[in-house]
Amino acid sequence: MTLGFITWLLVFQLLGEVISKGLDLPLPGPVVGMALLFLALVVRGEVPDGLKDTAAGLLKHLSLLFVPAGVGVMMHLHLLQDEWQGITVALLVSTVATIAVTALMMVGLGKLSAKITAKSGGPSDG
Amino acid sequence: MGEGFTQIWVYLSTTPLLGLTLTLVAYQAGMWIYTRANLNPLLNPVLIAVLLLVGLLMLTGTQYSTYFDGAQFVHFMLGPATVALAVPLYQQFKKVRGSFVTILVAILTGSLTAALSAIGVAWAMGVSRETLLSLAPKSVTAPIAMGISEATGGVPSLTAVLVILTGITGAVLGTWTLNALRITDWRARGLAMGTASHGIGTARALQVNEVAGAFASLAMGLNGLATAVLLPLILRLIF
Chain A
604 MTLGFITWLL VFQLLGEVIS KGLDLPLPGP VVGMALLFLA LVVRGEVPDG LKDTAAGLLK
664 HLSLLFVPAG VGVMMHLHLL QDEWQGITVA LLVSTVATIA VTALMMVGLG KLSAKITAKS
724 GGPSDG
Chain B
46 MGEGFTQIWV YLSTTPLLGL TLTLVAYQAG MWIYTRANLN PLLNPVLIAV LLLVGLLMLT
106 GTQYSTYFDG AQFVHFMLGP ATVALAVPLY QQFKKVRGSF VTILVAILTG SLTAALSAIG
166 VAWAMGVSRE TLLSLAPKSV TAPIAMGISE ATGGVPSLTA VLVILTGITG AVLGTWTLNA
226 LRITDWRARG LAMGTASHGI GTARALQVNE VAGAFASLAM GLNGLATAVL LPLILRLIF
């Protein structure tokens, strides 16, 4: 992890916060920062090696980073206790539905675009 | 435990060092169990770490704010890590540029399904507004989901736990669901896992197939962005 690239990540986060607050967007600052960095990479056409390593290092233990916030659930245990039935059903139904809809949509769209390409004789969509 | 230990605890619990160290130890204990269990999604390391820490804090009567004084150093890195998600997203994006529109439409449909079905079912089951708002971004990777939750009036820490539970649900039921639907395309399978259950689903997809893993990773990033943009608009329309 290089200090320079950590600094870049913080700069993008800061830019994201400024834009989010300045334009009163309902988007979290770091998410705006992520979108900005993504656009910057699209413009640049490649990821600098140092940034690749820094990002990989940071994301390797991404799940550690939300442990402190997760522990905060101890202040809201009453919500889980009172509403666990509703939460459980919503989680199960919604997760299975999302998996099914996304996969079926992808397969369906793939078939559709293959058909269109076959008709028009254009290049394959990949 | 003698009086000596209590005194040491009282001293340590006032320094940030304890919260920080406990977080790292609990996480590594979680990782140890998860690895020993052959990466069984039910033994998710974050869930184990959270349970250990909540249990310890409650047993010792320690305030969450006292713990967080130390743990905030870990928590702070969430912001730069969220920004860093752009890197794998870009790397996957570059590989699939040709069929990007197809992929984007599939993910957007999945993203809307995730939020609307969670809100709908929770509402029908009479769940409180606070919990409902915390539940809505549950399919998104935790750092982004917590930010969305905070911006839309949910409880970020409850969201973090619900996100993990969603990840586990998807990792456990995903293969079964996709097999029942006879989906054999690895790209579609990966996309579905990443959209519905973020990093935990992506880890599961990677275990099964490399292509599925790459598509899951792409879906996780795009769904994070899509939900961050769409969910506040949807909630504004509903409430």
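Those sequence lines, one after another, are chains A and B. 610 is the number that this note's numbering gives to position 7 of the first sequence; each next residue is one higher, with no gaps. 171 is the number that this note's numbering gives to position 126 of the second sequence; each next residue is one higher, with no gaps. We put the CB at the ideal spot given by N, CA and C, even for glycine. Given the structure is predicted, the values throughout are model-derived calculations rather than measurements.
Option in A:G607, A:M708 and A:L618 with minimal Cα separation from B:L226: The sequence position of residue 226 of chain B within the second sequence is 181, counting from 1. The shortest C-alpha to C-alpha distance from B:L226 to any of A:G607, A:M708 and A:L618 is the one to A:M708.
List, in order along the chain, the chain B residues whose C-beta lies closer than 7 Å to that of A:S723? Working through the first sequence from its first residue, we reach residue 723 of chain A at position 120. The contacting residues do not exist; A:S723 stays about 15 Å from chain B at best.
Can you find a C-beta in chain B that's less than 8 Å from the C-beta of A:L654? Stepping through the first sequence from its first residue, residue 654 of chain A is reached at position 51. Chain B contact via Cβ: present.
Considering A:K655, what are the terminal residues of the alpha helix (DSSP H) in which it resides? On the first sequence, position 52 is the one that residue 655 of chain A refers to. Boundaries of the alpha helix (DSSP H) around A:K655: D652 to K663.
B:D114 at chain A interface by Cβ criterion, 8 Å: Taking the second sequence and counting its residues from 1, one reaches residue 114 of chain B at position 69. Not an interface residue.
B:A257 versus B:E195 - alpha carbon distance: Sequence index remark: in the second sequence, residue 257 of chain B carries index 212 (1-based). Sequence index remark: in the second sequence, residue 195 of chain B carries index 150 (1-based). It is roughly 31 Å from the alpha-carbon of B:A257 to the alpha-carbon of B:E195.
Within a Cβ cutoff of 8 Å, which residues of the same chain sit near A:V692, ignoring the five residues on either side of it in sequence? The sequence position of residue 692 of chain A within the first sequence is 89, counting from 1. So the list is empty, once near-sequence residues are dropped.
If I follow the unbroken alpha helix (DSSP H) through B:R232, where does it start and stop? What you label residue 232 of chain B is simply residue 187 of the second sequence in a count that begins at 1. Here the alpha helix (DSSP H) through B:R232 covers W231 to V253.
Cβ of B:P61 less than 8 Å from any chain A Cβ? Residue 61 of chain B sits at position 16 when you count from the first residue of the second sequence. No, no contact with chain A.
CA-to-CA distance, B:S202 to A:L644, given in whole angstroms: The residue you call residue 644 of chain A lines up with position 41 of the first sequence. The residue you call residue 202 of chain B lines up with position 157 of the second sequence. If you take the alpha carbons of A:L644 and B:S202, they lie about 32 Å apart.
Where B:R227 sits in the DSSP three-state scheme: As a first step, residue 227 of chain B must be located in the second sequence, where it is residue number 182. In the structure shown, B:R227 sits in coil (DSSP, three-state: anything other than H, G, I, E or B).
On the CB-based measure, 16 or more other CB atoms within 10 Å of its CB, does B:K140 come out buried or exposed? Start at 1 with the first residue of the second sequence, and residue 140 of chain B comes out as number 95. With fewer than 16 other Cβ atoms within 10 Å, it is exposed.
Helix or strand or just coil, what does DSSP make of B:K140? Against the second sequence, residue 140 of chain B aligns to sequence position 95. B:K140: helix per DSSP, three-state reduction.
What are the boundary residues of the alpha helix (DSSP H) that B:H120 is part of? The count along the second sequence starts at 1 and reaches residue 120 of chain B at position 75. DSSP places B:H120 inside the alpha helix (DSSP H), whose first and last residues are Y109 to F121.
Can you confirm whether B:H120, when its beta carbon is compared against all beta carbons of chain A, has any partner nearer than 8 Å? Numbered from 1 along the second sequence, position 75 holds the residue referred to as residue 120 of chain B. True, the Cβ-Cβ gap to chain A drops below 8 Å.
List the residues of chain B whose Cβ lies closer than 8 Å to the Cβ of A:L606, in chain order. Locating residue 606 of chain A in the first sequence gives position 3, where the first residue counts as 1. For A:L606, no chain B residue has a Cβ inside 8 Å of its Cβ, as the nearest lies near 12 Å away.
Here's the rule: buried if 16 or more other CB atoms are within 10 angstroms of the residue's CB, otherwise exposed. What is A:G729? As a working note, residue 729 of chain A is residue 126 in the first sequence. The predicted model places A:G729 with a pLDDT of 45, which falls under 50 and marks its position as unreliable; any figure quoted below should be read in that light. By the C-beta density criterion, A:G729 is exposed, having fewer than 16 other C-beta atoms within 10 angstroms.
Are A:L640 and B:A126 close, meaning C-beta to C-beta below 8 Å? Taking the first residue of the first sequence as 1, we reach residue 640 of chain A at position 37. Taking the first residue of the second sequence as 1, we reach residue 126 of chain B at position 81. Not in contact: A:L640 and B:A126 (Cβ atoms no closer than 8 Å).
Helix, strand or coil for B:E175, going by three-state DSSP, please let me know. Residue 175 of chain B sits at position 130 when you count from the first residue of the second sequence. B:E175 falls in the helix class under three-state DSSP.
Alpha carbon to alpha carbon, how far is B:V95 from B:A71? Give it in angstroms, no decimals. Numbered from its first residue, the second sequence carries residue 71 of chain B at position 26. Numbered from its first residue, the second sequence carries residue 95 of chain B at position 50. The alpha-carbon atoms of B:A71 and B:V95 are separated by roughly 8 Å.
Could you name the residues of chain B that A:I609 contacts, counting a contact when the two beta carbons are closer than 9 Å? Numbered from 1 along the first sequence, position 6 holds the residue referred to as residue 609 of chain A. The contacting residues are P125.
Kindly indicate if chain A contains any beta-carbon less than 8 Å away from that of B:A131. Working through the second sequence from its first residue, we reach residue 131 of chain B at position 86. Chain A contact via Cβ: present.
Compute the distance between the beta-carbons of B:L270 and A:A638, then report whether it is under 8 Å. Locating residue 270 of chain B in the second sequence gives position 225, counting from the first residue. Locating residue 638 of chain A in the first sequence gives position 35, counting from the first residue. Taking 8 Å as the cut-off, the beta carbon of B:L270 is found closer than this to the beta carbon of A:A638.
Given this structure, state the Cα-to-Cα distance separating B:T222 from B:T229, to the nearest angstrom. Working through the second sequence from its first residue, we reach residue 222 of chain B at position 177. Working through the second sequence from its first residue, we reach residue 229 of chain B at position 184. Approximately 12 Å, taken between the alpha carbons.
Run through chain B and tell me which residues come within less than 9 Å of A:A717, C-beta to C-beta. As a working mapping, residue 717 of chain A is identified with position 114 in the first sequence. Here the premise fails: no neighbours, minimum Cβ distance about 10 Å.
Reference B:M170, options A:G713, A:W687, A:I719 and A:K718, closest by Cα: Indexing the second sequence from 1 puts residue 170 of chain B at position 125. Taking only the C-alpha atoms, the option nearest B:M170 is A:W687.
Among A:V614, A:G648, A:E649 and A:V646, which one has its Cα closest to the Cα of A:G632? The residue you call residue 632 of chain A lines up with position 29 of the first sequence. Nearest of A:V614, A:G648, A:E649 and A:V646 to A:G632, Cα basis: A:V614.
Which of the three DSSP states, helix, strand or coil, is assigned to B:T204? Indexing the second sequence from 1 puts residue 204 of chain B at position 159. In the structure shown, B:T204 adopts helical secondary structure according to DSSP, grouped into three states.
With a threshold of 8 Å between beta-carbons, can A:I622 be considered close to chain B, or not? Position 19 of the first sequence holds residue 622 of chain A. A:I622 does not count as touching chain B.
Would a check of beta-carbon distances place A:T701 closer than 8 Å to chain B? As a working mapping, residue 701 of chain A is identified with position 98 in the first sequence. Judged by the 8 Å Cβ criterion, A:T701 is in contact with chain B.
For B:G155, decide whether its Cβ has a neighbour in chain A, counting only Cβ atoms nearer than 8 Å. Here the question's residue 155 of chain B lines up with position 110 in the second sequence. It does; some Cβ of chain A falls within 8 Å.
To the nearest angstrom, how far is it from the Cα of B:L130 to the Cα of B:T51? Looking up residue 130 of chain B in the second sequence gives position 85. Looking up residue 51 of chain B in the second sequence gives position 6. In this structure, the straight-line span from the alpha carbon of B:L130 to that of B:T51 is close to 43 Å.
I think A:P671 touches B:F113, with their Cβ atoms under 8 Å apart; what is that distance to the nearest whole Å? Residue mapping note: residue 671 of chain A aligns to position 68 of the first sequence, counting from 1. Residue mapping note: residue 113 of chain B aligns to position 68 of the second sequence, counting from 1. Contact flag correct, Cβ pair sits at about 6 Å.
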